[in-house]
Amino acid sequence: MEHYVPYATVNKLTVRNDLGILKKYLYPEWKTVPLTRISQHHIQRVLDSALVKLKPATVNRIRSCILRMFRLAMEWGFVEKHPGTYIKKLKENNVKQRFISKDEVVMFIQACDAGEGGAGANALKVALLTGMRISEICQSQWKDFAIEDGNATLFLPHTKAGLARTVLINNAALTVLEEQSRRRKRNNPYIFASEVEGKAITRPKKSFSRIKERAGILEHLRIHDLRHSFASILINSGKATLYDVQHLLGHHSPQTTTRYAHIQSSRLRFVSEQLGDFVLPRKLIEKEIRHDQT
């Protein structure tokens with residue numbers, strides 16, 4: 037585990053989460069157990085113990101951290117086999133996804149502009165306009181932002197998965213970044229700089245609460261739902277495919293994107309009607325309906 041900490045510190049955006057898991061759940065159980073002696077039983081016992089107090093989604097994050105550590109241990113030659121291969125992921129039913137409607141998007145953006153209009157509010161606007169994770173936004177730096185041939189991009193050296201990716205910045209999001217540029221702090225590399233010299237803002241929870249209240253959007257909305265909503269709105273617009281959205285979000289698996297593809301019934305009805313119009317022209321359908329009514 038001592039080898040994993042330096043790796044995670046350099047390569048993972050969510051390193052603080054992993055360090056918390058190590059300190060709270062793994063060190064107390066495995067501190068004196070050699071890595072080669074840790075078995076499936078050891079891992080399952082940690083997860084079962086955590087499930088007594090935690091939600092399934094949180095336990096799954098602990099599981100992911102453990103599995104990731106042992107994958108690296110195999111790559112580095114510390115162990116010959118993975119003890120967590122057959123540890124199954126728990127079914128997550130504790131979080132209800134919330135998607136912002138098109139009308140709520142307008143209200144949310146207006147509420148961001150009507151309030152303090154600081155770095156926190158602007159970071160939240162970028163989350164909704166690009167689908168980026170809020171942690172990626174907060175840690176983004178000016179050196180990774182570029183405009184070439186009129187196209188703006190933001191390079192992310194470390195994402196949640198530990199892999200680099202480049203985000204395409206649309207014109208609406210670019211307007212927000214231009215505003216941040218006018219507020220750029222000297223000797224601070226971060227796009228969303230905090231008042232502390234040389235530091236980035238942290239997760240803007242307080243700004244988010246004030247913006248929700250100002251917009252009248254109070255029902256079960258989390259910051260991460262802005263990312264969900266970005267995907268949902270694009271897919272329901274009919275102008276983007278799941279493949280498009282998968283790459284905009286930086287997902288490596290299309291199954292992950294499918295979870296965000298909340299298809300509105302109006303969109304499904306529209307798609308269904310396309311087949312009806314093709315097989316039986318609408319004028320003929322209307323004639324049949326009038327005939328039935330008489």
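Just so you know, we're using the working numbering here: the sequence shown kicks off at 37 and counts up by one. From the three backbone atoms N, C-alpha and C, an ideal C-beta is built for every residue, glycine too.
Counting only the Cα atoms, C148 lies some 28 Å from D280. When the five nearest sequence neighbours on each side are left out, the beta carbons in the same chain lying within less than 6 Å of the beta carbon of L262 are those of A163, L164, in order along the chain. At a Cβ-Cβ threshold of 8 Å, A150 and R250 count as neighbours. In terms of Cβ geometry, L126 and V95 form a close pair [threshold 8 Å]. Counting along the chain, F191 sits inside no alpha helix (DSSP H); it lies in the beta strand (DSSP E) bounded by residues 187-192. Here H77 is exposed. Its C-beta has fewer than 16 other C-beta atoms within 10 Å. Runs of the beta strand (DSSP E) lying entirely within the stretch 205-240, each at least 3 residues long, are absent.
When DSSP states are grouped into helix, strand and coil, F106 belongs to the helix group. In terms of Cβ geometry, F228 and N158 form a close pair [threshold 8 Å]. Less than 8 Å divides the Cβ of G252 from the Cβ of M143. Taking the C-beta atoms as reference points, L270 is found nearer than 8 Å to A276.
A Cβ-Cβ separation of about 18 Å leaves K179 out of contact with V212 under the 8 Å criterion. Bridge pairing for V203: L190 [DSSP]. Contact annotation, C174 with I237: C-beta distance approximately 6 Å; criterion of less than 8 Å satisfied. The alpha-carbon separation between L192 and F181 amounts to approximately 9 Å. Considering only V115, S75, N206, the residue with the shortest C-alpha distance to G167 is N206.
Counted as a single uninterrupted DSSP element, the beta strand (DSSP E) harbouring E184 occupies residues 181-184. The three-state secondary structure of Q146, taken from DSSP, is helix. In this structure L103 is not in contact with Y40, their Cβ atoms being roughly 12 Å apart against a cut-off of 8 Å. According to DSSP, residue pairing for Q175 in a beta bridge does not occur. Here T195 is buried: its Cβ has 16 or more other Cβ atoms, across all protein chains shown, within 10 Å. When secondary structure is reduced to three states using DSSP, E116 falls in the coil class, being assigned neither helix nor strand. The DSSP-derived three-state label of F135 is coil. Under the criterion of beta carbons closer than 8 Å, S171 and L190 do not qualify as touching, at roughly 14 Å. A distance below 7 Å between beta-carbons, with the five flanking residues on each side excluded, links F244 to the following residues of its chain, in chain order: L160, I259.
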